[in-house]
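The sequence shown lines up with residues -21 to -1, 1 to 393 when you count with mature numbering (1 follows the signal peptide of the UniProt record, and there is no 0).
Take a look at the structure set out below.
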Amino acid sequence: MKKITIYSTILFLFLITKTKTKTETKDVIELNYLNFDSIVLKNYDQDVFVVFAAEWCPHCQKLMPEWNKAASTLKGLIIFGHVDSSDQVLNQKYQIKGFPTIKLFKHTKEGGVKEVIDYNGQREFNSLKNFALSFLESYVVDLQNVDQWISSTQDRKKVVLFPSSKFNDVPPLFKGLSRDFRGDLGFGVVFQNNPDHKYLMQMFGVDNSPKIVILDKNGSPISYYSGKTEYKQLKKYLSSFVSSTSENFENFENENEQENEQENQENQENQKNQNFIHQMTNQNYQDICFLQKKGLCVILTLSEFNKNQNEEEKISLFEQMMIKLRKDPLFKSFSYINFLESDIDNSNDFMENLGDITDLSKNHELFVINPKKSKMVVFEGKLEDELEVYNFLDHIISGEGKFISLNKNQKKEL
């Protein structure tokens, strides 16, 4: 009997969790041709700073610690991404000629990319940080005429910053928050050189600076921020004044605890799925593929019929591709990809159980089974072409693809 190695993948519904990137920091997003559009091109809030780098490149190795530091410092304000040199699709699309290459994807106020700007400055922390911040949009009003500002923002609550004396421009953190809440909250700033500085401090009940005060729609103070001056904490605090069910900060601590608990649960679930290579045998494939009420069963067959590429290379390509699909936001409705590996001795019986595809297996290596409908579809492209395989799976998930019915014997067994 011919021996066939089976790799099977079952996809289940879930919310995807973040994983560590090759850059060894969660503040830099690992980008590839699968997730680039959704993260970079279709982002409606933040500009995206992207480095195209290669592991073998000495200049890249020197740059990455500075890149990671800038990403952590500007977290929440600017998205930092990393594209590996092996991603030929993105390299060709953006005409990458050498490494490292750095580009800023500038977004419009309405959403979408306005322009792509090449970075040619120094590859060190301060230069990277200052360049990225120079494009940060601000929706903060310098309160030279506070009455007019209150009148023009009567449809929303307001946030007023009294910065310390070292600031003569709006701090980047406050700019970023004004961008995030534009249309929902009014943002104003009172610098210490403002002629009405002391009067406005008394008006809003502020006794020292720096201080952030929340005003109601009529301009009366309702809350004073006393937490850490960092993006995540401040954004959550301000969110409580946008919600129609939250008038102040009283639910902030409870929400923070719930978020931490949810994050811990997601981390535990992600840890359970780290070891996703398992065995599939002629005895258990029914349980794996056909008794599942949800999801698709993706099977890769490596047999003596398919000798155009080394089996280990095929397995490696298949694994890498599935890991990318697992991380891609496009597939966020699926929990994980579970590889099942073993040697099937009764290969003819196995193929007959799947359906009348014995002849197809001579020329095709990838099959997708929909157990709920007892149908399957065959991949007719090249397995080594990741983009082609991705599009194939994407079409199936979108409800496309030419499915054929499994044979009558299989239906009777089900």
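Where is the CB? At the ideal position from N, CA and C, for every residue including glycine.
In this structure, how does DSSP classify lysine 387 when only helix, strand and coil are distinguished? A caution first: lysine 387 carries a pLDDT of 44, below 50, which makes its placement in the model unreliable, though a value can still be read off. Helix.
What did DSSP end up calling leucine 115 once you bin it into helix, strand or coil? Residue state, collapsed to three classes: coil.
Could you have a look at isoleucine 57 and say whether DSSP puts it in helix, strand or coil? Coil.
Extract the residue ranges of the beta strand (DSSP E) inside the region 119 to 203, only unbroken runs of 3 or more that lie entirely within it. If we require 3 residues or more, the beta strand (DSSP E) runs fully inside the region 119 to 203 come out as 119 to 121, 136 to 141, 164 to 168, 190 to 194 and 200 to 203.
Thinking histidine 86 and aspartate 26 are a contact (beta carbons under 8 Å), I'd like their distance in whole angstroms, please. Histidine 86 to aspartate 26, Cβ: 6 Å. Contact.
Buried or exposed, going by whether 16 or more other CB atoms sit within 10 Å of the CB of serine 157? Around the beta carbon of serine 157, a 10 Å sphere encloses 16 or more other beta carbons of the protein chains shown; the residue is thus reported as buried.
Between the alpha carbons of glycine 380 and leucine 275, how many angstroms are there, rounded? Answer to the nearest angstrom: the Cα atoms are 13 Å apart.
Candidates Ala50, Asp175 and Tyr369: which alpha carbon is nearest glutamate 103's? Ranking the options by Cα distance to glutamate 103, first place goes to Ala50.
Bridge partners for glutamate 367 per DSSP, in chain order? DSSP output for glutamate 367 lists no bridge partner at all.
Proximal residues to aspartate 97 (C-beta, below 7 Å), its chain only, five neighbours per side dropped: Answer for aspartate 97: Lys82, listed in chain order.
Status (buried if at least 16 other CB within 10 Å, exposed otherwise) for tyrosine 178: By the neighbour-count definition (other C-beta atoms within 10 Å, threshold 16), tyrosine 178 is an exposed residue.
Around the C-beta of histidine 61, are 16 or more other C-beta atoms found within 10 angstroms, so that it is buried, or is it exposed? Histidine 61 comes out buried.
For the candidate residues Val192, Lys215 and Ser113, whose alpha-carbon lies nearest to that of phenylalanine 160? It is Lys215.
Check the DSSP bridge columns for threonine 80 and list the partner residues they point to. According to DSSP, which records beta bridges pairwise, threonine 80 is partnered with Phe31.
Would you kindly check if the distance between the Cβ of lysine 136 and the Cβ of glycine 167 is under 8 Å? In terms of Cβ geometry, glycine 167 and lysine 136 do not form a close pair [threshold 8 Å].
Should leucine 107 and tryptophan 35 be called a contact, given that it needs their Cβ atoms to be closer than 8 Å? Tryptophan 35 sits away from leucine 107, with the two beta carbons spaced by 8 Å or more.
Locate the alpha helix (DSSP H) running through glutamate 45, then write down its first and last residues. It spans 37 to 52 - the alpha helix (DSSP H) in which glutamate 45 sits, taken as one unbroken run.
Rounded straight-line distance, which links the Cα of glycine 77 to that of leucine 217: Cα to Cα, the separation comes out at about 43 Å.
Throw me the rounded Cβ distance for the serine 113 and proline 142 pair, which I believe falls under 8 Å. Taking a contact as a CB-CB distance under 8 Å, the pair serine 113 and proline 142 does not count as one, their CB atoms being some 19 Å apart.
Could you give the distance in angstroms between the alpha-carbon of threonine 132 and the alpha-carbon of phenylalanine 220? In this model, threonine 132 and phenylalanine 220 are separated by some 15 Å (Cα to Cα).
Beta-carbon gap between aspartate 66 and tyrosine 118 smaller than 8 Å: Taking 8 Å as the Cβ cut-off, aspartate 66 and tyrosine 118 do not qualify as a contacting pair.
With a 10 Å radius around its C-beta and 16 neighbouring C-beta atoms as the bar for buried, classify leucine 53 as buried or exposed. Result: buried.
Go ahead and pull the three-state DSSP assignment for valine 92. Looking at valine 92 - three-state DSSP - the assignment turns out to be strand.
Enclosing alpha helix (DSSP H) for asparagine 70 [first to last residue]: First-last of the alpha helix (DSSP H) with asparagine 70: 67 to 72.
For lysine 354: DSSP bridge partner residues: Per DSSP, Asn349 and Ser384.
Kindly indicate which three-state DSSP category lysine 211 falls into: helix, strand or coil? Helix, per DSSP.
Sequence-distant residues of its chain with Cβ nearer than 8 Å to leucine 42 (five each side left out): Here leucine 42 has Val30, Ala32, Pro79 and Arg102 as same chain residues with Cβ atoms under 8 Å from its own Cβ, once five neighbours each way along the sequence are excluded.
DSSP three-state label for aspartate 6, please. Coil.
Contacting residues, own chain, Cβ-Cβ under 8 Å from residue 394 (five flanking each side not counted): Nothing can be reported for residue 394: it is not among the residues displayed for the chain, which extend from -21 to 393.
Lysine 145, buried or exposed, once every other Cβ within 10 Å from all chains shown has been counted against 16: Lysine 145 comes out exposed.
Comparing alpha-carbon positions, which option in Leu372, Ser353 and Lys351 lies nearest glycine 360? The shortest Cα separation from glycine 360 among Leu372, Ser353 and Lys351 belongs to Leu372.
Lysine 196 to asparagine 109, Cα distance in whole Å? A straight-line Cα-Cα distance of about 35 Å links lysine 196 and asparagine 109.
Does isoleucine 383 pass the burial test, meaning 16 or more other C-beta atoms within 10 Å, or should it be called exposed? By the 16-neighbour rule on beta-carbons within 10 angstroms, isoleucine 383 is exposed.
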